[in-house]
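Since the structure comes first, as structure tokens, the remarks are kept for the end.
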Amino acid sequence: MLDIAGTAFDAACRSAGGLIERRLQLAGFSIALRFAGPGLVPLLARAFSHLPPADAGTPPDLSIALWDGASTGHALPPIPGMAQAGTGKLVQGGSVHRALTMSAKADSGVVSLLDAGHGRGYCYVPDAARLPASETAAPLLAILHGWLSGRDALIVHAAAVGGAQAGVLLVGRGGSGKSTTALACALAGLGYTADDYCLVRLAPEVTVHCLYASAKLHPASLQRVGMTPPTQGERIHDKHLLFLAEQDRIRLQPSFPLQAVVVPCIRGGPTSALEPVSPAVALRALAPSTLLQLPGAAATLLRAMATMLHERPCYALQLGSDPASATTLIRDLIGE
Amino acid sequence: MSTTTYRKNDSRMVGEIIDGEAIIVDTETGCYFSLPATGAFVWELFDRPVSVTDIVQAVKDHYRCDDAAPEAAVEAFIGELERCALVVACEASPDAAPRGAPTAVNGQAVFTPPVVNRYDDMKDFLLVDPIHEVDDTGWPNLRR
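Chain order of the listed sequences is A and B. Our numbering numbers the first residue of the first sequence as 4 and each following residue consecutively. Our numbering numbers the first residue of the second sequence as -7 and each following residue consecutively.
Rendered as structure tokens:
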């Protein structure tokens, strides 16, 4: 199955005039993004612009081949047999080590293939010109999620803010106030690590890493923290897509040791309040949205989240209408 | 009392016990559940096929039931677990080893009737399963 994708990718490289490679360091892992020609580079590399380059002289931990069918003239051929394989995972006949995971996005047509054991992935885009903003905001999410499973690391649906010594995850379903709270903290001088997804390493200590330098923010959220919504740029539904490495007022924090987990919820009144809650409350806020947005390896992912929360201080952040009060509480919590 | 044997519905449910509470997510429907205290203790017993009789006995062994008769509460709880597809009826395991003490309980706590807390607010997040959306030619051609 991967041979079919590999053959199509090689042909796409020849059509596009060659291979363009970007080597990146992500949370201690070396990732190679191999593009067939330039078409997808500005679209899928932009969210990773904050990551330092990795040494090109050593083999990468994960190598991902990316191409688009329209500009290269080489579409991903149909892969017969996968429709009968069941949900998600296919074991290639004859070798239990060649377990493949795959996913396809119905809205964008993006197909992701991963051979986690050999550190090889493929990302096929039917037409770069029609790639939705959601893919440029969080590229390669399915491949990275699948590859990290079982590596003492996970991707979670959470916002994250902090400093070099400590920080917090903000967890909960969409509309709970995570993004607005994180943005308010960043504008108040805290480091910004995540808006929607972040990478967490569980060993040797729990550390949160900036996965994407992007944020999706509702115009009302921007106005609430005193930012003027941009008049241009991409939108995802009713939210503005911002690339944070390009924002002067926001400092990206590449990573931090996890100090606490915060569950925001909106309440009435001007001031915010922080109250301790059990890790079960935090897991209930974190797990469903993470599992349902990152299908595959659900049991492993849930166990990793529980490990992350075990004996971790957790709080409910009752959000008032004044963002400054929430920011003060979080700063006090992490000692910034 | 029912002699039916049940096990966890692992084909679609994933769960973890944390701080004495079971958090379970239904990966098919997007619903999720919390089973606090006694419920988490009973939930852990379903790691292997187990009968209602054995569950009731385990509850009596690990909780102070005082004047409460746990049988009715436990049976009602298991019925709710089955209605929510958290557990499924199954064949009894013929060579089941003696069951060790589950981890969810600390000491001789007083028995309180177990409850199932169900949450439906995440159902919209459920991704379409692309495997069942393809046409006969296979990936990546979606059925129109």
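Even for Gly, the Cβ is constructed at its ideal location relative to N, Cα and C.
Could you name the residues that DSSP lists as bridge partners for residue 260/A?
210/A
CB contact check: residue 309/A to chain B, cutoff 7 angstroms:
yes
Closest by C-alpha distance to residue 77/A, when choosing among 24/A, 37/A, 151/A, 17/A:
17/A
Which residues of chain A have a Cβ atom closer than 8 angstroms to the Cβ of residue 19/B, listed in chain order?
294, 295, 298, 301
Burial state of residue 28/B, where buried means 16 or more other Cβ atoms lie within 10 Å
buried
Rounding to the nearest angstrom, what Cα-Cα distance links residue 200/A and residue 245/A in this structure?
14 angstroms
Out of 37/B, 25/B, 8/B, state which residue places its alpha-carbon closest to the alpha-carbon of residue 72/B.
25/B
Sub-7 angstroms separation of residue 123/A and residue 156/A beta-carbons:
no
Can you tell me whether DSSP reads residue 13/B as helix, strand or coil?
strand
Do the CB positions of residue 337/A and residue 112/A come within less than 7 angstroms of each other?
no
Distance, Cα to Cα, residue 195/A vs residue 253/A?
7 angstroms
Is there at least one Cβ from chain B nearer than 7 angstroms to residue 378/A's Cβ?
Lying outside 4 to 339, the shown extent of chain A, residue 378/A is not represented and no answer is given.
Inter-residue spacing [alpha-carbon to alpha-carbon] between residue 131/B and residue 38/A:
The predicted position of residue 131/B is uncertain, since its pLDDT is 49 and thus under 50; no value can be drawn from it.
Taking the beta strand (DSSP E) that residue 148/A belongs to, which residues open and close that run?
Element bounds for residue 148/A: not the beta strand (DSSP E) but the alpha helix (DSSP H), 144 to 151.
Chain-ordered chain B contacts of residue 281/A [CB-CB under 9 angstroms]
10, 11, 12, 13
C-beta atoms of residue 309/A and residue 10/B nearer than 7 angstroms:
yes
For chain A, is any of its Cβ atoms less than 7 angstroms away from the one on residue 90/B?
Caution applies to residue 90/B, whose pLDDT of 49 falls short of 50 and renders its modelled position unreliable; the model cannot decide the point.
With the cut-off set at 7 angstroms, would you say residue 13/B and residue 283/A are in Cβ contact?
yes
Would residue 71/B count as contacting chain A if we go by Cβ distances under 7 angstroms?
no
Could you say which of 64/B, 65/B, 76/B, 33/B lies nearest to residue 101/B if we only look at CA atoms?
33/B
When burial is assigned at 16 or more other CB atoms within 10 Å of the CB, is residue 268/A buried or exposed?
exposed
Residues of the stretch 98 to 113 of chain B in Cβ contact with chain A at a cutoff of 7 angstroms, in chain order, please.
113
From residue 158/A to residue 105/B, what does the alpha carbon distance come to, in whole angstroms?
36 angstroms
DSSP on residue 73/B, reduced to helix/strand/coil?
helix
Within 10 Å of its beta-carbon, does residue 178/A have 16 or more other beta-carbons around it, so buried, or fewer, so exposed?
exposed
Taking Cβ-Cβ distances shorter than 7 angstroms, what residues in chain B pair up with residue 41/A?
The contacting residues do not exist; residue 41/A stays about 23 angstroms from chain B at best.
Pick out whichever of 334/A, 286/A, 296/A, 323/A has its Cα sitting closest to the Cα of residue 315/A.
286/A
For residue 59/A, I'd like the list of residues in its chain whose CB is within less than 7 angstroms of its CB, leaving aside the five on either flank, ordered along the chain.
26
Would residue 321/A pass as a contact of residue 275/A if the rule is Cβ separation under 7 angstroms?
yes
Opposite residue 321/A in the DSSP bridges: which residues?
268/A, 276/A
Give me the chain B residues within the contact set of residue 287/A, using Cβ-Cβ distance strictly less than 8 angstroms, ordered along the chain.
15, 24, 26, 111
Here's a check: name, in chain order, each residue in its chain whose Cβ is nearer than 7 angstroms to the Cβ of residue 130/A, leaving out the five neighbours to either side.
71, 72, 73
At least 3 beta-carbon pairs within less than 8 angstroms: the stretch 182 to 193 of chain A vs the stretch 227 to 241 of chain A:
yes
By DSSP's criteria, residue 161/A is part of a beta bridge. Which residues make up the other side?
Paired residue(s): none; residue 161/A is not in a bridge.
Could you pull the start and end residues of the alpha helix (DSSP H) that residue 337/A belongs to?
326 to 337
Can you tell me whether residue 120/A is buried or exposed? The criterion is at least 16 other CB atoms within 10 Å of its CB, across all chains shown.
exposed
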